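So the sequences go chain by chain: A and B.
Numbering of the first sequence is given in the numbering used here, commencing with residue 788 and proceeding in unit increments.
Numbering of the second sequence is given in the numbering used here, commencing with residue 788 and proceeding in unit increments.
There are 2 protein chains.
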Amino acid sequence: MVLGLRLYSALYPAWGPVCLLPRSFASCSGNPASCCTMPQLGLLHGRAWAVLFGQLRRPPGAVCIRAVHSHGQVVEAALATQMKPHQEKSNFIIKTPKGTRDLSPQQMVVREKILDMVVSCFKRHGAKGLDTPAFELKEILTEKYGEDSGLIYDLKDQGGELLSLRYDLTVPFARYLAMNKVKKMKRYHVGKVWRRESPTVVQGRYREFCQCDFDIAGQFDPMIPDAECLKIMCEILSGLQLGDFLIKMSWKDVRHEMVAKKGLAAEVADRIGDYVQCHGGVSLVKQMFQDPRLSQNKQALEGLGDLKLLFEYLTLFGIVEKISFDLSLARGLDYYTGVIYEAVLLQTPAHAEEEPLNVGSVAAGGRYDGLVGMFDPKGHKVPCVGLSIGVERIFSIVEQRMKTFGEKIRTTETQVFVATPQNNFLQERLKLIAELWDAGIKSELMYKNNPKLLTQLHYCENMGIPLVVIIGEQELKEGVIKLRSVASREEVAITRENLVAEIQKRLSES
Amino acid sequence: MVLGLRLYSALYPAWGPVCLLPRSFASCSGNPASCCTMPQLGLLHGRAWAVLFGQLRRPPGAVCIRAVHSHGQVVEAALATQMKPHQEKSNFIIKTPKGTRDLSPQQMVVREKILDMVVSCFKRHGAKGLDTPAFELKEILTEKYGEDSGLIYDLKDQGGELLSLRYDLTVPFARYLAMNKVKKMKRYHVGKVWRRESPTVVQGRYREFCQCDFDIAGQFDPMIPDAECLKIMCEILSGLQLGDFLIKMSWKDVRHEMVAKKGLAAEVADRIGDYVQCHGGVSLVKQMFQDPRLSQNKQALEGLGDLKLLFEYLTLFGIVEKISFDLSLARGLDYYTGVIYEAVLLQTPAHAEEEPLNVGSVAAGGRYDGLVGMFDPKGHKVPCVGLSIGVERIFSIVEQRMKTFGEKIRTTETQVFVATPQNNFLQERLKLIAELWDAGIKSELMYKNNPKLLTQLHYCENMGIPLVVIIGEQELKEGVIKLRSVASREEVAITRENLVAEIQKRLSES
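So this is what it looks like as structure tokens:
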């Protein structure tokens, strides 16, 4: 450790603004969130550091321990201990795998809030839950992801089946439908997926990340489920208050649908293309129907039919102004068959004092009518449309915002702390806290025989615990407990029998 | 498909009681939970079937499609399509990997209820959330699991780091503590772990399964965190109403602690062992202190100290009668350093009409004071104690019970269905449902232009949706909506402006 820190110090002048790195490591209190005030800078330098460090020559057999701490996750502690002469050196780095990270308690709170909000929207739209294994038979994933197939994580062949980690939640859903002969289903799925991408962690891209998917499978009247998917995207992005957003639909795929499948002449399709370039919503459709070259062409009218329907439904849902066409967007994955869409956050920050953020796409989806058929022995198709919320990027934005506004996050939900001002009161505290636990009250105490009262009260203030119950000699004698409000510091004596009821009353009021 | 079914028919007489298999497959409605009335039988035969089927010779180039459907998960649809002469045959089975399964919406509801209950207990005890990646550097897991190391899933070497899927949540937690220099933490973690065990799926053992862990890391006064872990186990197992249970502590490990670490004479330890065989709780400790061979031996008294403390605390927590020693239990994993414990469900069924279930261990835990030090460059130790709830087994028990009692599970939370008795009312329905969604009301409609009213009402009854709002010509003209209670079939007309408020009132009352 000493050598490691010395090396840092020696290198320090060369790093310029990196000074935060070794310092934050040296002074790290063990709370990962508290020592990452500059995550982006820190991470960039963390990587550069590792590269540079890797080039340093170490004297053979020397004890060399190094550690890099940045973003609360990428601590690296390389360890080359001096072993017995003929024994192999144990030399490994304590870190999470490349492109992955732990989520600290602070991050977990943010994540849970976002996921709760997303899932409650999915449930509001009548979706059922579903879970699939983290890995699938390798063949299930084959020929589904085009060029991206190289990014699939395979499991080692340890005898038995060849397996791969799932790359998204869509292919497992299609496999589930085909395997169980399910012809109709509205489901949501929240889970991790894995992709061997070059991790540029600063932008919120990871090799392991969480997806929140909502899909509607089944043969229905046109464009109703599609419109609902777009509505859900809008509800979630509005609900999360991430600032302004726009949902871009791929014109290329719609045009392909019109020309290749509905037989529209290419030049008429391009005439429509001229309109969609105008980024209009419902006005766009109106304009097209006023154009004699489109409205007097039977095929054009037919080709425009689905588009018209979709925009009608989006208007009824009150979200049409959020949708526009994008001429550059095109399908990314092999399995999409119709329109695809992508939600992007707009540059304008939600609050004037915030720095503008360019986070790009935060949700995407589309129609994939052929995927289930690829798994069905007879090729029976089940049309599907769905969406995926890119929650990792949303986490980054919300985290960033909380930092900007200095919001303090409670990492526990503890309601009551059981304290004592006296020594040798552990037994009474244990009896009391068991009563509270058994009454469903979230409670903590110090795991010490004789803690100091001030330490106990400070802990409550730091952790945001609202109530303290205090038991001591005097209280025991009088058959009461002192109930203290941490915020107001007011204390009242309450009889033991009334304590639980009084706490519950106070908690329900706050 | 036709050939596959014919093969089934031909083999049918040989199968005896397997008749359920091809029949349930043939008549499967697509709902996996509805067609598995005999999951154990079904699975056994599913496997036997696959073995036998694998031995059947197929004429070269013949179209052969087979499918087995059992337990809603192990559908196998092997597919050998006739391809162009020189093209390789695509031949794979559509299934989940060996030892894994999907969770259907019904199962997800059960799982969510159980996990909510477990997590709320962890939060009641002041635990913070934490998440770690699904895989770790291979070296992190090395030499932690003894003989079981062969069960670790490795990832394929695709260039870069050597990775393994996590085997439990304890080692990643210890790695997190060491990596971030955290000296003190009370955390819970709910997540999947993976083990290449021989899956005997019927007993609720899988290669992928969910663990719910609670751990207390840090240097504290003796036995307080240990007692809290045992309290948590009791709260969870009581709360889930799984019937009677007992927590067994390993005597071997306690004896080792006394003899090897506290220097107690082996024969005195065995004298204590005689007592612990009696399965007593607090009375056991009392008896030991009345035995002059123990109470007059200074070393014995010291050796008994921790044990005495623990039982005192368990008494204060009101759970001492749930704890007993087990002479056969011994540490399973390399990292345990002190007492280990295991919760077993007792044979007695909770209800007289239930079949007794032998599910064995449903929770386990113990002390592992050395694990964090294995990851620390200087070997600094962080004492830890924790527990893990084996939720998969608990899922099986609860599922089994629900089947026994014929409990119907709602798989959606939809509160209101938007219906119409008339054709061409899609637009009005869409406008109406968007109002409900925007008011936070969980609502659904049919994705059809002209659904039949009866179909819509039947759907509500089947899905357990409590309210229907009906809009038609008449209602539109009068500016009202009909609100119907599905249970009572009563309908009242409500003005459009008051609809949301009225629905919210009804929902809050029910």
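All residues carry an ideal CB built from backbone N, CA and C; glycine is no exception.
This structure is a prediction, so every number in the text was calculated from the model and none was measured.
- Contacts with chain A at 7 Å (Cβ-Cβ) include Pro892 (chain B).
- Here Gly1153 (chain A) is buried, its C-beta having at least 16 other C-beta atoms within 10 Å.
- Rounded to the nearest angstrom, the Cβ distance from Gly1125 (chain A) to Asp1040 (chain A) is 6 Å, consistent with a contact under 8 Å.
- With respect to chain B, the C-beta atom of Asp903 (chain A) has no partner C-beta closer than 7 Å.
- In the DSSP assignment, Phe1112 (chain A) falls outside any alpha helix (DSSP H) and within the unbroken beta strand (DSSP E) covering 1110-1113.
- The segment 1022-1033 of chain B makes contact with the segment 1170-1185 of chain B, as at least three CB pairs between them are under 8 Å.
- Using beta-carbon distances, Gln1214 (chain A) counts as an interface residue toward chain B, with a partner under 7 Å.
- Excluding five sequence positions before and after Trp1038 (chain B), the CB atoms of its chain that fall closer than 7 Å to its own CB belong to Gly1060, Val1063, Phe1112, Asp1113, Leu1114, given in chain order.
- About 18 Å separates the Cβ atoms of Gln998 (chain B) and Leu964 (chain B), ruling out a contact at the 8 Å cut-off.
- Judged by DSSP in its simplified three-state form, Ser1148 (chain B) adopts strand.
- Along the segment 1190-1202 of chain B, going in chain order, the ones with a CB nearer than 8 Å to a CB of chain A are Thr1198, Thr1199, Glu1200, Thr1201.
- The C-alpha of Val1287 (chain A) is placed about 40 Å away from the C-alpha of Ser1082 (chain B).
- Nearest Cα to Pro1170 (chain A) within the set A:Val1107, A:Phe1007, A:Ile939, A:Ile1220: A:Phe1007.
- Only exposed fits His1245 (chain B), as fewer than 16 other CB atoms lie within 10 angstroms of its CB.
- The Cβ of Pro884 (chain A) sits closer than 7 Å to at least one Cβ of chain B.
- No Cβ-Cβ contact shorter than 7 Å links Phe1001 (chain A) with Leu1158 (chain A).
- Annotated three-state conformation of Thr919 (chain A) is coil, per DSSP.
- The beta carbon of Arg982 (chain B) sits no closer than 7 Å to any beta carbon of chain A.
- Closer than 7 Å to the CB of Met895 (chain A) there is at least one CB belonging to chain B.
- The Cβ neighbour count for Glu1278 (chain B), taken over all protein chains shown within 10 Å, is under 16; the residue is labelled exposed.
- B:Leu950 is the residue among B:Asn1249, B:Arg898, B:Ile1034, B:Leu950 whose C-alpha sits nearest the C-alpha of Arg994 (chain A).
- Trp981 (chain A) and Phe996 (chain A) have their C-alpha atoms roughly 7 Å apart.
- Among the CB atoms of chain B, none fall inside 7 Å of the CB of Asn1210 (chain A).
- Using a Cβ-Cβ cut-off of 7 Å, Gly1251 (chain A) does not count as an interface residue toward chain B, since no Cβ of chain B sits closer than that to its own.
- The C-beta of Glu1262 (chain A) has 16 or more other C-beta atoms within 10 Å across all chains shown, which makes the residue buried.
- In this structure, DSSP gives Leu1051 (chain A) a state outside helix and strand, which the three-state scheme calls coil.
- Looking at A:Lys1165, A:Gly916, A:Met1045, A:Cys1016, the one whose alpha-carbon comes closest to that of Met966 (chain A) is A:Lys1165.
- Runs of the beta strand (DSSP E) spanning 3 or more residues and lying entirely within the segment 907-957 of chain B occur at 922-924, 950-952, in chain order.
- Using a Cβ-Cβ distance cut-off of 8 Å, the segment 905-913 of chain B and the segment 900-909 of chain A are not in contact, since fewer than three pairs of beta carbons, one from each stretch, lie closer than that value.
- Proximity of Tyr932 (chain B) to chain A, defined by a Cβ-Cβ separation below 7 Å, is not satisfied.
- At the C-beta level, Leu917 (chain A) and Met1010 (chain A) stay beyond 7 Å of one another.
- Look at the segment 1185-1239 of chain A and you find these whole runs of beta strand (DSSP E), each 3 residues long or longer: 1203-1206.
- Counting the other Cβ atoms within 10 Å of the Cβ of Ser891 (chain B) gives 16 or more, which makes it buried.
- Taking all protein chains in view, the Cβ of Thr1282 (chain A) is surrounded by fewer than 16 other Cβ atoms within 10 Å, so the residue is classified as exposed.
- Around the C-beta of Gln893 (chain B), 16 or more other C-beta atoms lie within 10 Å, and the residue is accordingly described as buried.
- Rounded to whole angstroms, the Cβ separation of Thr1201 (chain A) and Gly913 (chain B) is 5 Å, and the two are in contact under 8 Å.
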